[in-house]
Amino acid sequence: MGTRRDGAGKGYTSGTHRLISPRETLDRLRPLLPRMGITRLANVTGLDHIGIPVVMACRPNSRSLAVSQGKGMDLDAAKVSAAMESIETYHAEHVTLPLQLATYRELRARRAVADVELLRRPIDSHFHADYPILWVEGEDLIGHEKILLPYQLVHCAYTKEWMFDLRCFAADSTGLASGNHLLEAASHAICEVVERDAHAGWDQLSEPEREARRVNLETVDDPLCREALDRFERAGVAVSVHDITTAVGIAAYACQIADLHASPLRPIASTSGFGCHPVRGIALLRALTEAAQSRLTVIAGSRDDAWWDDYRRALDPDVLAEQRRRIDAPGSWCFAAAPNFVSTSFEDDVAWELDRVREAGFGQAILVDLTQEEFGLPVVRVRIPGMEMPAPRSEVHREGGRSPEEERP
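For the sequence shown, the residue numbers in my numbering are 90 to 498.
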């Protein structure tokens, strides 16, 4: 990331770490929204009775999802969260960087290239060493060199037909992040990649293994997390939290919520949220608020990726009863067992995160800077070859992900 490390001190640390406050960020973003096709920031909090703010950002001409969601412990934070998610996706749909068409065999003889053996591929992938695809240049934050990454793992222009990269790698939005500073965006992106890897490993665990890491909610001592838990309790919503931190050593949590008493007028299936951050309180708060956001996503019904099965489950009373049984159970895992790293700058956060990634055995952490001069808002995409995704339809270099205790070979 070169010399763009100046001015990376944290100016706002209430529930999230940012360069400036959500209100200041929102004031900065508002003039940019119409230019990126964002037509509305809709407050949908009142469609539910929990009271954790959730906002939808609408971008009708999107080349991926037309609706993005955001959450926070106040409305400004939720608006910024939704707007930033839509903005970063816009940047990934309209990449302005130069591209190179070449085969892996051609490139690896003269350039540093991402380790393609550790990149996830669809079951029917066309990729091989002599198959020409589009590549884009990024920076290896571990190897400290310029490096080429398959363009399919960077862009989100899914409505466009790309002649050369169809069905080569498993594309998704993981590791796409924005911020008020490049390092703020980079930190968020790294944590999201680690979070998805932890989620993938969590999916592979047995029920007893998961239960062993169920957090005793009485041990949660973060004030904003306690406030969120109180809101769930007042709303009659059961909460389960599991520590899914992996050997990478950055705190990660999974949260599930469900109504304690199903409403015959509006039955809602359980929803989940995940969070990862150097500060364990922020990691947990992200998981708690994302679970509330996921629930409102189902209620609002306006996401392109909301499937009928998500609603069908809520019509089966036996399914709802089983979900409540699993969620409304005591835990014994201590909240303080997760790692906790507190710093005053994003430079320190990114350095610490990269140390954790490298020490866990990952040799590359590739950042592609998608920032456009026209907007001046830092947007990045981070890929860490070897980290997994909770995507059963894809073949990966390993089966699933790592369990919370498992080291990478």
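Just so you know, even glycine gets a beta-carbon here, dropped at the ideal spot from N, CA and C. If you're wondering where the values come from, they're calculated on a predicted model, not measured in any experiment.
What does residue i pair with, by DSSP beta-bridge criteria?
{"i": "E234", "result": "D229"}
{"i": "A347", "result": "A327"}
{"i": "S361", "result": "Q345"}
{"i": "L223", "result": "L190"}
For residue i, name the three-state secondary structure that DSSP assigns.
{"i": "I212", "result": "coil"}
{"i": "L377", "result": "helix"}
{"i": "F424", "result": "helix"}
{"i": "G338", "result": "coil"}
{"i": "L188", "result": "strand"}
{"i": "A275", "result": "helix"}
{"i": "A201", "result": "coil"}
{"i": "D399", "result": "helix"}
{"i": "S267", "result": "strand"}
{"i": "D332", "result": "strand"}
{"i": "G490", "result": "Residue placement at G490 cannot be trusted, given a pLDDT of 42 that sits under 50; the coordinates are not used to answer."}
{"i": "P239", "result": "strand"}
{"i": "R497", "result": "Any reading at R497 must be qualified, since the residue scores a pLDDT of 42, below 50, and its modelled position is unreliable; no value is offered."}
{"i": "D407", "result": "helix"}
Select from the options the residue whose C-alpha is nearest the C-alpha of residue i.
{"i": "P474", "options": "I222, R303 and T263", "result": "T263"}
{"i": "Q189", "options": "Y179, A181, R200 and D332", "result": "R200"}
{"i": "L313", "options": "G135, E477, G161 and L118", "result": "G161"}
{"i": "L223", "options": "E195, L354 and G370", "result": "E195"}
{"i": "S352", "options": "A410, D393 and R303", "result": "A410"}
{"i": "I333", "options": "S276, A301 and H350", "result": "A301"}
{"i": "L186", "options": "S361, V387 and G227", "result": "G227"}
{"i": "D417", "options": "A260, V387, A266 and H331", "result": "H331"}
{"i": "D452", "options": "L108, I127 and E234", "result": "This sequence places Gly at residue 452; Asp is not what is there. Minimum Cα distance to G452 is reached at E234."}
Whole beta strand (DSSP E) elements within the region 99-182, 3-residue minimum:
With a minimum length of 3 residues, the continuous beta strand (DSSP E) runs that stay inside the region 99-182 are 129-132, 143-147 and 156-160.
My parser needs the alpha helix (DSSP H) runs of 4 or more residues fully inside the region 277-327; what are they?
Entirely contained in the region 277-327, the alpha helix (DSSP H) runs reaching 4 residues are, in chain order, 296-300 and 312-323.
Taking only runs that begin and end inside the region 426-487, name each unbroken alpha helix (DSSP H) of 4 or more residues, in chain order.
Taking only runs of at least 4 residues, the alpha helix (DSSP H) segments lying wholly in the region 426-487 are 435-448.
Does the region 238-251 touch the region 386-401, meaning 3 or more C-beta pairs lie closer than 8 Å?
Contact between the region 386-401 and the region 238-251 is absent, because fewer than three Cβ pairs lie under 8 Å.
Between the region 147-154 and the region 240-249, are three or more C-beta pairs nearer than 8 Å?
Three or more Cβ pairs closer than 8 Å define a contact, and the region 147-154 meets that threshold against the region 240-249.
Using a Cβ distance threshold of 8 Å, determine whether the region 214-226 contacts the region 439-449, with at least three qualifying pairs required.
No contact exists between the region 214-226 and the region 439-449.
Indicate whether the contact test is met: 3 or more Cβ pairs, each with one atom in the region 304-317 and one in the region 370-377, closer than 8 Å.
Under the three-pair Cβ rule at 8 Å, the region 304-317 counts as touching the region 370-377.
Given 8 Å as the limit, is there contact between the region 202-212 and the region 282-299, that is, 3 or more CB pairs closer than that?
Contact between the region 202-212 and the region 282-299 is absent, because fewer than three Cβ pairs lie under 8 Å.
Is the region 300-311 touching the region 272-283 in the sense that three or more CB pairs, one from each, lie closer than 8 Å?
By the Cβ rule, the region 272-283 does not count as touching the region 300-311, because fewer than three pairs are nearer than 8 Å.
Decide yes or no for the touch test of the region 161-172 against the region 406-424: beta carbon pairs closer than 8 Å, at least 3 of them.
Not touching, per the Cβ criterion.
The region 352-371 touching the region 458-466, judged by at least three CB pairs closer than 8 Å:
Counting Cβ pairs under 8 Å, fewer than three are found: no touch.
Do three or more CB pairs link the region 339-347 to the region 427-439 at distances below 8 Å?
Contact between the region 339-347 and the region 427-439 is present: 3 or more CB-CB pairs across the two stretches fall below 8 Å.
contact_flag[the region 344-362, the region 102-113] where n(CB pairs < 8 Å) is 3 or more
Proximity of the region 344-362 to the region 102-113 falls short of the contact definition, fewer than three beta-carbon pairs being nearer than 8 Å.
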